[in-house]
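Undergrad: Quick one: the structure is below, questions incoming.
There are 6 protein chains.
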Amino acid sequence: MATVKLLSDDELSADARAVFDDIRMVRKSDFVNNFWRALAHDPKTLRRTWNSIKDVMGPGALDPKTKEMLYVAVSIAHGCSYCIHSHTAAARAKGMTEAEYGELLAIVGMAAETNRLVTGLGVPVDEAFLVDAVD
Amino acid sequence: MATVKLLSDDELSADARAVFDDIRMVRKSDFVNNFWRALAHDPKTLRRTWNSIKDVMGPGALDPKTKEMLYVAVSIAHGCSYCIHSHTAAARAKGMTEAEYGELLAIVGMAAETNRLVTGLGVPVDEAFLVDAVD
Amino acid sequence: MATVKLLSDDELSADARAVFDDIRMVRKSDFVNNFWRALAHDPKTLRRTWNSIKDVMGPGALDPKTKEMLYVAVSIAHGCSYCIHSHTAAARAKGMTEAEYGELLAIVGMAAETNRLVTGLGVPVDEAFLVDAVD
Amino acid sequence: MATVKLLSDDELSADARAVFDDIRMVRKSDFVNNFWRALAHDPKTLRRTWNSIKDVMGPGALDPKTKEMLYVAVSIAHGCSYCIHSHTAAARAKGMTEAEYGELLAIVGMAAETNRLVTGLGVPVDEAFLVDAVD
Amino acid sequence: MATVKLLSDDELSADARAVFDDIRMVRKSDFVNNFWRALAHDPKTLRRTWNSIKDVMGPGALDPKTKEMLYVAVSIAHGCSYCIHSHTAAARAKGMTEAEYGELLAIVGMAAETNRLVTGLGVPVDEAFLVDAVD
Amino acid sequence: MATVKLLSDDELSADARAVFDDIRMVRKSDFVNNFWRALAHDPKTLRRTWNSIKDVMGPGALDPKTKEMLYVAVSIAHGCSYCIHSHTAAARAKGMTEAEYGELLAIVGMAAETNRLVTGLGVPVDEAFLVDAVD
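Encoded structure:
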C-alpha cells in the first residue's frame, strides 16, 4: 500500500537525483530505501528531510547506535511499522546487540505502562523535577 | 489535578509502606515522588510496577543514562508531561549533558516528522529490512 | 487555558440554550460542565455531539458503569486530562469502586505495555485470530 | 485482516440497506467502500456515523477539498492507514493537486516535529496566545 | 513482518520453555500465540510480562469479559492491530456478544471524538471533577 | 512547567540571537514566543527548525490560513496544548473565521471517531483507493 508510486532511479527529476546521489555517497551504498523513493515526488521536502537527517543523525555527543535506538523507541510509540523496521535494521548495523535490543523494548513497554498510569491518575509534577522557566 | 489523593507517609497501608521502604533503600534517598504516592492506593499495582521498574531500569547491557534517555523519548511521544519531567531529571542526574539532551530532543522531533511522512505516504517496508518471522 | 471563552447561561444562543435545557433534563441536574460551555459557540456541533453522547452512552447491552470505564480507558490512551477527570467522576458516580478503578488503571497500563512490545516486534496476527473479511 | 466480515449488499439488514441507499444517492455512485460494509453489522452506529459525516463534510464555510485535507492530516497523526488511503483519494477527487499534497505532508511532518519538541521542553503557553476562558 | 524470528517450540531456551509450559497450563490449551513466540528471545521480559498479564487479567473485582473489552479499547486507541485482533478474539471467547462489541466500538469512537474536541478547545477541568491531590 | 529555562534576549548566544533577529524580521514583529526561547539553548536545532518552518509555512500552493489550520489539526491529534494555542492564534491572525474554526474542530473530532472505528474493525483498504507502489 502507498498513496504515491515509488520512483525508480530513471523516473527521478534532476533535483531528486542529486539528493539520491548524496544519499548514496554519504551511506557508501547503492541501496536507496523506499522512504526516499516515495518522498522523491517532492524534491524540496526530499532535500530538506535528507539534510535534516544528516544533521541530526550525524556525528555528535551521542554515538550512532544510541541515536538509532532513540529513533526506534519513538517510532514504536508512534506506531510507524516502516520506521520501526528500517531503524531497527540500522541500529543493528551500527552495533546494537540482541541483549541491548531486548532492553530497549522492555524500556519502551515499561515507559508506555507508567506513562498511562501517570496520565490516568493525573499526577502533579513534583517540585523537585521543576526547572524555573523564568527567573 | 489528580483523580486520587496523593498519600503521605502516614496514610500508607502496611503493604504500600513496605514498597516505599524499598524505594527509599534502592534509591538511597528519603524522597518518594508523587507517582508512587498516587499509585499507593493500590498496593498490588504499586508493588508490581516498582518491581518491574527495578528489573527494567536496573543494571544491564545498556548504561543507566541511555535507559533514562529512552524513557524520556517514549514519554515525549506519549505526551506524558509528568514522566517527561521526572525522567529528564533522572537522565540529568545520571550524567546526561545538555549537548546530549539537545540531540535527544532533535532525534525525537526528527523521528516524529519522518514517522508521519512515512505513514502519510504508506511506504511499504523494503525487503532488505525484513526478518523472516518464520522459516 | 482555552481557545474560546466558556459561555455562561446568559450568553447562549437560542439553539445552544435548547441543548443545555436537554442536558439538564436528561441528567436531572442544573450543572452543565465546561465542555458544553466551550462547544456552545457552535450550536450545530453542540447538538450533534450531545445527541450522539445520549445515543452511545444511553441504555444498551452494556451497563452505564462499564460504558464510563471504557470512556476513561480511551481518554487515558489519548491523553485528554479533562476527559479523564470528567469520566472518572462519572464512572464513580455510576458505581465504580476503588478496587474496580485500580484494575481499570492496571489494565490500561498493561495494554499500553504489550501494545508497544507487539508493535516494536512487528508480530504478525495469528491465523486463529483472523475473521475472514470476505467469503 | 478484520474483526468482522464485510457485508455484501445481499447480507444487509433493512436498516443497513436504507443507509447504503442514502450513501449511493448522496455520492451519486454505486460504490460503497469497506468501512460502511464493516460498520453495517451495527445499523444504529452505521446511521449515526453516516449522518454525522454528511453534516460535517457537507457544504459549509470550508471548501470540500480543504475538509478532506484536514481529514487526511488527522488520519496520519492517528496512524489509520485505511483512512489515509480513502481520504487521500477523496481529496484528490475533490481537486487536491500533487503540489498541495506535498505541502500537506510537509506540514503534517513539521507539526509532528515541533509538537514533540514543545512537549519535550514543556514550553509554557505565552500570555499572547491565551483566550480568557471566563471573564 | 517482524523484527525477530518467531520461535517454534523446539527453538526455546529452557527459561522460555518454562514460561510456555505455564501459559499452556493456565490457559488449558496447547496454543501459544505469536506474541509470546516473538518475546521468547528475551526470557526475562517474557516471564515478567506473562506474570504481569496473569496478575492483571486474572480474577478480581472486574469480570474477565469486561477486562478484555478494556484491553481492546486501549489497543484501538494505540493502533495495535495485532492486539486488537487477539483481544477481540479473547473478549468474544469470554462471552462478549456482538451487541456489546458494537457498543464498545461506538464508545471508543465517541470518546476519540470528544477527546479531540476537548483538547482542541483547551477546556479547563471543572471544579466539580477535581480530587484534592493534597490536603 | 518546562525542562529548560526560557532564555531572555540578553541570555542568547550569538548564533541564537541571529536566528531571533531573522524571526523578528520575517514576522515583522518584536515578539518572539516561548517555543524559540526554549529551543535557543541549542542554536543548531533552533536554526534548522526555524529554517524548516519558513520553508514549509511560507508561500506555496496552499494559502497561509489553510496551512495554519492543518497545523492546528495535527497539534490536536498529538495533544500538544502549546502548539494548539499558538497555531490557533496564528490561524485566526491569518483570517480563520469562527465558522471555519468550528468546522475544523468538527472535522478533527469526526476523523478521530472514524479513525478509531476503522482501526477497531481492522477494515482492509479497498482496491479503489490503492496506488500501485511499483509498476
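Chains as they are written, first to last, in the numbering used here: chain A, 345 to 479; chain B, 345 to 479; chain C, 345 to 479; chain D, 345 to 479; chain E, 345 to 479; chain F, 345 to 479. Positions of the beta carbon are idealized from the N, C-alpha and C atoms, including for glycine.
Using the rule of at least 16 other Cβ atoms within 10 Å of the residue's Cβ for burial, across every protein chain shown, is V418(D) buried or exposed?
TA: buried
Undergrad: Taking Cβ-Cβ distances shorter than 8 angstroms, what residues in chain A pair up with V452(B)?
TA: L414, V418
Undergrad: In chain A, which residues lie less than 9 angstroms from R436(F) when you measure between Cβ atoms?
TA: Per Cβ cutoff of 9 angstroms: no residues; R436(F) is ~25 angstroms from chain A at best.
Undergrad: Hey, would you say A435(B) sits closer than 8 angstroms to M454(B), going by beta carbons?
TA: no
Undergrad: Please state the DSSP three-state secondary structure of D354(D).
TA: DSSP places D354(D) in helix when its eight states are reduced to three.
Undergrad: Do we get a CB-CB distance below 8 angstroms when we pair S425(E) with the residues of chain D?
TA: yes
Undergrad: By alpha-carbon positions, which one of R460(F), V416(F), T432(F) ends up nearest to A450(E)?
TA: R460(F)
Undergrad: Using a threshold of 8 angstroms, state whether the C-beta atoms of A433(E) and V467(C) are closer than that.
TA: no
Undergrad: Using a threshold of 7 angstroms, is the CB atom of M440(D) nearer than that to any non-hydrogen atom of the ligand PLP?
TA: Ligands in the displayed structure: none, and consequently the ligand PLP is not present.
Undergrad: Do you know how far the Cα of I428(D) is from the Cα of G446(D)?
TA: 14 angstroms
Undergrad: In the structure shown, what three-state DSSP assignment does D407(E) receive?
TA: coil
Undergrad: Can you give me the C-alpha to C-alpha distance between A405(C) and L383(F), rounded to a whole angstrom?
TA: 51 angstroms
Undergrad: Cβ closer than 7 angstroms: which chain A residues qualify as neighbours of E442(D)?
TA: H385
Undergrad: Start and end of the alpha helix (DSSP H) containing H431(D)?
TA: 425-437
Undergrad: Going by alpha carbons, who is nearest to Y426(B) out of D476(B), A358(B), R391(B), F379(B)?
TA: F379(B)
Undergrad: Could you spell out where the alpha helix (DSSP H) holding C449(E) opens and where it closes?
TA: The amino acid occupying residue 449(E) in the given sequence is Leu; Cys does not appear at that position. Its alpha helix (DSSP H) spans residues 442-465.
Undergrad: Please report how far the alpha carbon of T463(C) lies from the alpha carbon of C424(E), in whole angstroms.
TA: 6 angstroms
Undergrad: Which same chain residues, not among the five before or five after P408(A), have their C-beta less than 6 angstroms away from its C-beta?
TA: K438
Undergrad: Quick check on the DSSP output: the alpha helix (DSSP H) that includes D386(F) runs from which residue to which?
TA: Where D386(F) is concerned, there is no enclosing alpha helix (DSSP H), given that its DSSP letter is neither H nor E.
Undergrad: For T389(D), tell me which candidate among L448(E), V376(E), D399(E), I397(E) has the shortest Cα-Cα distance.
TA: L448(E)
Undergrad: Are any of the Cβ atoms in chain C nearer than 8 angstroms to that of A433(A)?
TA: At a cut-off of 8 angstroms, the C-beta of A433(A) has no neighbouring C-beta in chain C.
Undergrad: Taking CB distances under 8 angstroms as the criterion, tell me whether M345(D) reaches chain E.
TA: yes
Undergrad: Can you tell me whether DSSP reads M401(D) as helix, strand or coil?
TA: Helix, per DSSP.
Undergrad: Hey, would you say A421(A) sits closer than 8 angstroms to H422(B), going by beta carbons?
TA: Cβ atoms of A421(A) and H422(B): closer than 8 angstroms.
Undergrad: Going by Cα to Cα distance, which pick from D374(C), M369(C), Y415(C) is closest to A472(E)?
TA: D374(C)
Undergrad: Helix, strand or coil: which one does DSSP assign to F379(A)?
TA: helix
Undergrad: Using a Cβ-Cβ cut-off of 8 angstroms, state whether F364(A) counts as contacting chain B.
TA: no
Undergrad: Can you tell me which of the three DSSP states D365(F) falls into?
TA: helix
Undergrad: Nearest to P387(A) by CA position, among V475(F), V400(F), L351(F), R381(F), is which residue?
TA: V400(F)
Undergrad: Report the rounded CA-to-CA distance for P403(B) versus L356(C), giving the unit in angstroms.
TA: Approximately 60 angstroms between the Cα atoms of the pair.
Undergrad: In whole angstroms, what separates the C-alpha of Y415(D) from that of V452(F)?
TA: 7 angstroms
Undergrad: For a contact defined as C-beta to C-beta under 9 angstroms, what are the partners of T449(F) on chain E?
TA: The amino acid occupying residue 449(F) in the given sequence is Leu; Thr does not appear at that position. Within chain E, the residues near L449(F) are R460, L461, G464, L465.
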